[in-house]
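Residue numbers (numbering that gives the first Met the number 0): 0 to 276. Reading through the structure tokens given below for one structure.
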Amino acid sequence: MSKALEIDSDHPAANAYLAWDTMLVNGDYINAAEQFERALGIDPYDWEVLRGNILFASIIGRTDIADVLGRIAITRNPLCGPCHRHVSRSLFRAGLFDLAEISLLNVMDLLPPGRSTTELALIRYMKGDHDGLQRVASDYLARARPEDQDIAIVRHIELLGAVLRGETGGLQVEIDEFAHRWGDRHLRSCAELYAETGQLDKAFELFERGYGTQYNSDLAAGLMNPLFRKMTEDPRWKAWQEKAGIAPHQLAVIEYQPNLPPAEGLVKLKPGDLASE
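So, in structure tokens, the structure goes:
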């Protein structure tokens, strides 16, 4: 990114990636805030700029900003499936479930069956559809070609559905087997399962393992991930927040007041006013 910025210091995506690295690699949220603001000022409609700012806003608890930027993102590039999936994931972390659902529904037909279907089921679960996870597992197996089926994704859906339904018999052994087999590729999924079943030692161990890796954005956003809520009640959570740079006293000194685009023309959304599948 540094070379890209040397060529064009006003390249919006390059500035967004620089802010991303500052936040996740260096754990420096103060300078990341300034860099994200700069990127948004250069081009408030660039996908990487929007995605990065939505994630940053969700991590530091600025759901008001995430909401506005999410509405902008939903109206952009309607045929870019991966873009909407990334935005939806950040909106989910911010607790903006209606917007997250719309973002995914707009492009579900463009995405291969897989993690996106899991994420849609989780969004709906958080909105009260407690039976959707099992339906998603069946739908995934029905839609995906055998050579494209990711058994780990299906297994995660099945286990998470059982956990959220309160089932117990033999479940811990099955979760351990899942983590042993797929933990390296599906670290966040394993952490979710352990956190929801109250096995916080194992959940925190996974957080430590993922810190400083490609999973850092998933874990840093744990504060806003409803599936990690039990971890936030544990005394160790405060220490982990400090290490990640997102403890309350660290967030309090972050100055993040980006100039947002005009509100005119943004998606107007009321509960239940969702895009059709």
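For each residue, glycine too, the CB sits at the ideal point set by N, CA and C. Given the structure is predicted, the values throughout are model-derived calculations rather than measurements.
Practice item. Answer with buried or exposed for D200, where buried requires no fewer than 16 other C-beta atoms within 10 angstroms of its C-beta. Key: In the sequence shown, the residue the question calls residue 200 occupies position 201. Label assigned to D200: exposed.
Check your understanding: Just how far apart, CA to CA, sit A32 and T21?
Key -> Within the sequence shown, residue 32 is the residue found at index 33, counting from 1. Within the sequence shown, residue 21 is the residue found at index 22, counting from 1. Distance between the alpha carbons of A32 and T21: 9 Å.
Point to revise | Sub-7 Å separation of P11 and A38 beta-carbons | key: If you number the sequence shown from 1, residue 11 lands on position 12. If you number the sequence shown from 1, residue 38 lands on position 39. Taking 7 Å as the Cβ cut-off, P11 and A38 qualify as a contacting pair.
Exercise for review: Measure the C-alpha to C-alpha separation of D97 and N25 and round it to an integer number of angstroms.
Suggested key: The residue you call residue 97 lines up with position 98 of the sequence shown. The residue you call residue 25 lines up with position 26 of the sequence shown. Cα to Cα, the separation comes out at about 32 Å.
Review point. Applying the criterion that 16 or more other CB atoms from any shown protein chain within 10 Å of the CB defines a buried residue, is R61 buried or exposed?
Key: The count along the sequence shown starts at 1 and reaches residue 61 at position 62. Buried, since its Cβ has 16 or more Cβ neighbours within 10 Å.
Review point. Since Y28 and I253 are thought to touch, with beta carbons under 8 Å apart, how far apart are those beta carbons, to the nearest angstrom?
Key: Looking up residue 28 in the sequence shown gives position 29. Looking up residue 253 in the sequence shown gives position 254. At roughly 5 Å, the Cβ-Cβ gap stays under 8 Å, so Y28 and I253 are in contact.
Point to revise | Inter-residue spacing [alpha-carbon to alpha-carbon] between F36 and G165 | key: As a working mapping, residue 36 is identified with position 37 in the sequence shown. As a working mapping, residue 165 is identified with position 166 in the sequence shown. Going by the sequence as given, residue 36 is Glu instead of Phe. C-alpha separation (whole angstroms): 43 Å.
Practice item. Flag this pair as yes or no: are the beta carbons of W181 and A151 separated by less than 7 Å? Key: Taking the first residue of the sequence shown as position 1, residue 181 is located at position 182. Taking the first residue of the sequence shown as position 1, residue 151 is located at position 152. In this structure, A151 lies closer than 7 Å to W181 by Cβ.
Review point. Is the distance from the Cβ of R84 to the Cβ of S115 below 7 Å?
Key: Along the sequence shown, read from residue 1 onward, the residue named residue 84 stands at position 85. Along the sequence shown, read from residue 1 onward, the residue named residue 115 stands at position 116. Against a cut-off of 7 Å, the Cβ pair of S115 and R84 comes out as a contact.
Practice item. Label D128 either buried or exposed according to how many other C-beta atoms from any shown protein chain fall within 10 Å of its C-beta, with 16 as the threshold for buried. Key: As a first step, residue 128 is located in the sequence shown; it is residue number 129 there, counting from the start. Label assigned to D128: exposed.
Practice item. Assign T74 to buried or exposed, taking buried as 16 or more other Cβ atoms, counted over all protein chains shown, within 10 Å of its Cβ. Key: On the sequence shown, residue 74 is found 75 positions in, with the first residue counted as 1. Classification for T74: exposed.
Check your understanding: Going straight from the alpha carbon of R92 to that of S8, what length do you get?
Key -> Counted from its first residue, the sequence shown places residue 92 at position 93. Counted from its first residue, the sequence shown places residue 8 at position 9. C-alpha separation (whole angstroms): 31 Å.
Exercise for review: Below 6 Å CB to CB, which residues in the same chain sit around H155 once its five sequence neighbours on both sides are set aside?
Suggested key: For this step, residue 155 is matched to residue 156 along the sequence shown. Shown here for H155: same chain residues with a beta carbon closer than 6 Å to its own, the five before and five after excluded, namely S188 in chain order.
Point to revise | Cβ-Cβ separation, I59 to G69 (assumed contact under 8 Å), whole Å | key: Within the sequence shown, residue 69 is the residue found at index 70, counting from 1. Within the sequence shown, residue 59 is the residue found at index 60, counting from 1. Between I59 and G69 the Cβ distance is about 15 Å, and since that is not below 8 Å, they are no contact.
Review point. If we ignore side chains and look at the alpha-carbon of each, how far apart do E207 and A246 end up?
Key: Along the sequence shown, one-based indexing puts residue 207 at 208. Along the sequence shown, one-based indexing puts residue 246 at 247. So the alpha carbons of these two residues sit roughly 16 Å apart.
Exercise for review: Thinking L186 and G209 are a contact (beta carbons under 8 Å), I'd like their distance in whole angstroms, please.
Suggested key: Reading the sequence shown from its first residue, position 187 is the one you call residue 186. Reading the sequence shown from its first residue, position 210 is the one you call residue 209. Right, their Cβ atoms sit about 5 Å apart.
Exercise for review: Please classify Q240: is it buried, with 16 or more other beta-carbons within 10 angstroms of its beta-carbon, or exposed?
Suggested key: Sequence index remark: in the sequence shown, residue 240 carries index 241 (1-based). Burial call: buried.
Check your understanding: Where R123 and D130 are concerned, what is the direct C-alpha to C-alpha distance, given to the nearest angstrom?
Key -> Working through the sequence shown from its first residue, we reach residue 123 at position 124. Working through the sequence shown from its first residue, we reach residue 130 at position 131. C-alpha of R123 to C-alpha of D130: approximately 9 Å in a straight line.
Review point. If you draw a straight line from the alpha carbon of D63 to that of A202, how long is it in whole angstroms?
Key: Against the sequence shown, residue 63 aligns to sequence position 64. Against the sequence shown, residue 202 aligns to sequence position 203. D63 and A202: Cα-Cα distance of roughly 29 Å.
Point to revise | Endpoints, alpha helix (DSSP H) assigned at L98 | key: Your numbering for residue 98 matches position 99 in the sequence shown. Judged by DSSP secondary structure, L98 falls within the alpha helix (DSSP H) whose first and last residues are F96 to L104.
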